[in-house]
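To start, the structure itself, in structure tokens.
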Amino acid sequence: MLNIVLFGPPGAGKGTQSAKIIESHSLIHIATGDLFRKHMGENTELGQLAKSYMDAGNLVPDQVVIGMVEDKIQENLDANGFIFDGFPRTVNQADALDKMLEKHGLSISGMVALEVPEDELKARIKERAKTSGRVDDQDDEKINNRIQVYNRETSPVAEYYRNQEKFTAINGVGSIDGIYDAINSTITSLEV
Ligand code: AMP
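Take the sequence shown: its letters are residues 7 to 198, numbered as in the numbering used here.
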């Protein structure tokens, strides 16, 4: 199995690039933000629980996210592999992911980290706000909080994979196709 963590701050282009990667490599897309938004749309108990955290741009508690991801992995054990998008967002989640994959004799093949400067992230999120309908895209305070949460709680996850020699950084500024080509060559090298 090819199991990729697509990493980067909010607005880095993880969703856009995931869509292209899952198509070309036939992987299962596990995007925790999308899963939470689906639960919110269906007003499930999990959606209600996640809503206040998401609307403020804070992280949903680890145990809730980890349980949701574990269910998705269990449902798709016959897949070619997974692309994790927006997960893991804490070192604790990264550790839990390693353990849950290990239970099935699996592991993370590599992390691909999209690097984008902060002013560009803010500009992209504001542009996306026009059409995304996402409460957390709508104002400067929420956007700033999400970037701060990323810097404080999520960026150490890169170090976690660097220590396992599974980390590749990609410049996330440029054309969508150019960035995809760079990601694709990294992923292809992990397949062999
Ligand atoms: P995203 O769509 O990835 O930007 O995620 C939107 C929001 O969902 C985040 O700001 C968090 O509130 C929540 N969320 C998504 N993934 C996670 C995660 N792995 N851990 C905690 N909260 C998450």
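Glycine included, every Cβ here is placed at the ideal spot set by N, Cα and C.
Every value quoted in this text rests on a predicted model; they were computed, and no experiment measured them.
Taking buried to mean at least 16 other C-beta atoms within 10 Å of its own C-beta, is N9 buried or exposed?
Taking the first residue of the sequence shown as position 1, residue 9 is located at position 3. So N9 ends up on the buried side.
Once the 5 residues before and after E76 are set aside, which same chain residues still bring their CB inside 6 Å of it?
Translated into the one-based positions of the sequence shown, residue 76 becomes position 70. Here the set comprises M106.
Cβ of L65 versus every heavy atom of the ligand AMP: is any distance shorter than 7 Å?
Reading the sequence shown from its first residue, position 59 is the one you call residue 65. Because some heavy atom of the ligand AMP lies under 7 Å away, the Cβ of L65 counts as near it: yes.
Please go through the same chain and pick out, in chain order, the residues whose beta-carbon is closer than 8 Å to the beta-carbon of V70, but skip the five residues on each side of it.
Here residue 70 is taken as the residue at index 64 of the sequence shown, counted from 1. The residues are L52, L55, A56.
Cβ of L33 within 8 Å of Cβ of A85?
Here the question's residue 33 lines up with position 27 in the sequence shown. Here the question's residue 85 lines up with position 79 in the sequence shown. Contact flag set, yes.
How big is the Cα-Cα spacing for R130 and V118?
Within the sequence shown, the letter at position 124 stands for residue 130. Within the sequence shown, the letter at position 112 stands for residue 118. So the alpha carbons of these two residues sit roughly 20 Å apart.
In terms of alpha-carbon separation, which member of Q154, P67, L41 lies closest to P16?
Locating residue 16 in the sequence shown gives position 10, counting from the first residue. Checked all of Q154, P67, L41; the closest Cα to P16 is Q154.
Use the C-beta contact count for V179: other C-beta atoms within 10 angstroms, 16 or more gives buried, fewer gives exposed.
To locate residue 179, count along the sequence shown from 1; it is residue 173. So V179 counts as exposed.
Specify, as a first and last residue, the run of the beta strand (DSSP E) that A175 falls within.
To locate residue 175, count along the sequence shown from 1; it is residue 169. It spans 173–177 - the beta strand (DSSP E) in which A175 sits, taken as one unbroken run.
Look up H110 in the DSSP assignment and say whether it is helix, strand or coil.
To locate residue 110, count along the sequence shown from 1; it is residue 104. The answer is coil: DSSP assigns H110 none of H, G, I, E or B.
With DSSP run on the structure shown, which of helix, strand or coil describes L83?
Looking up residue 83 in the sequence shown gives position 77. DSSP places L83 in coil when its eight states are reduced to three.
Are the beta-carbon atoms belonging to V66 and V163 less than 8 Å from one another?
What you label residue 66 is simply residue 60 of the sequence shown in a count that begins at 1. What you label residue 163 is simply residue 157 of the sequence shown in a count that begins at 1. No, Cβ-Cβ distance for V66 and V163 is not below 8 Å.
Indicate the three-state DSSP secondary structure (helix, strand or coil) for L41 in the structure shown.
Taking the first residue of the sequence shown as 1, we reach residue 41 at position 35. Three-state DSSP puts L41 in a helix.
Tell me the DSSP bridge mates of E121?
Position 115 of the sequence shown, counted from the start, is the residue given in the question as residue 121. Paired residue(s): N177.
By Cβ distance below 7 Å, which residues in the same chain neighbour D142 in space, the five residues on each side in sequence not counted?
Within the sequence shown, residue 142 is the residue found at index 136, counting from 1. Cβ within range, chain order: M60, D61, G63, K148, R152.
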